C-alpha cells in the first residue's frame, strides 16, 4: 500500500498563482517521486501539479484555497513542502508586488 497525503492552503500572494509562483510550485513538486495533484475545489477537478501548463492554467487568484494531494513515496513530504511554499508567498516577498 502506498503512502498518501493531502492538505488545503490559502493563497495569500498578492497576484495569486501567476507565472513565477507556478514555476516555483511545479519545480518543487518535481523534486518528489510521489504523484502530486492540485485542485481549486475539494472535489476537483484534479490536475498534475508537476505540469507548468496545467498549474498556470488554473489562474488561481489571491484568496483561493488550493487543495494538494500526493500518493507514493514521499507523499507527506511533498504536500508539506508545497503547503509551506504557498504560505511563504512562493518566496517572493513584498519586493515582487507591483503597484499601479
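In UniProt numbering, the protein residues as written are 1 to 100.
We put the beta carbon where it would ideally sit given N, CA and C, even for glycine.
All values derive from a computational prediction rather than experimental measurement.
Through-space distance from residue j to residue i, alpha-carbon basis
i          : j          : result
residue 31 : residue 73 : 12 Å
residue 61 : residue 22 : 12 Å
residue 11 : residue 85 : 10 Å
residue 91 : residue 13 : 10 Å
residue 28 : residue 52 : 11 Å
Pick from the options that is closest to residue i, judged by C-alpha positions
i          : options        : result
residue 41 : 76, 67, 7      : 67
residue 79 : 19, 91, 25, 63 : 25
Residue range of the unbroken alpha helix (DSSP H) whose run includes residue i
i          : result
residue 54 : 52–57
Residues near residue i in its chain [Cβ-Cβ closer than 6 Å; skip 5 each side]
i         : result
residue 6 : 69
Cβ-based neighbour list, residue i, same chain, cut-off 7 Å, excluding 5 preceding and 5 following
i          : result
residue 34 : 70, 71, 72, 73, 74, 75, 78
Open item on the list: Quick check on the DSSP output: what are the complete beta strand (DSSP E) runs of length 3 or more inside the UniProt domain "HPr" (4–93), in order along the chain?
Closed with: 4–10, 35–39, 65–71
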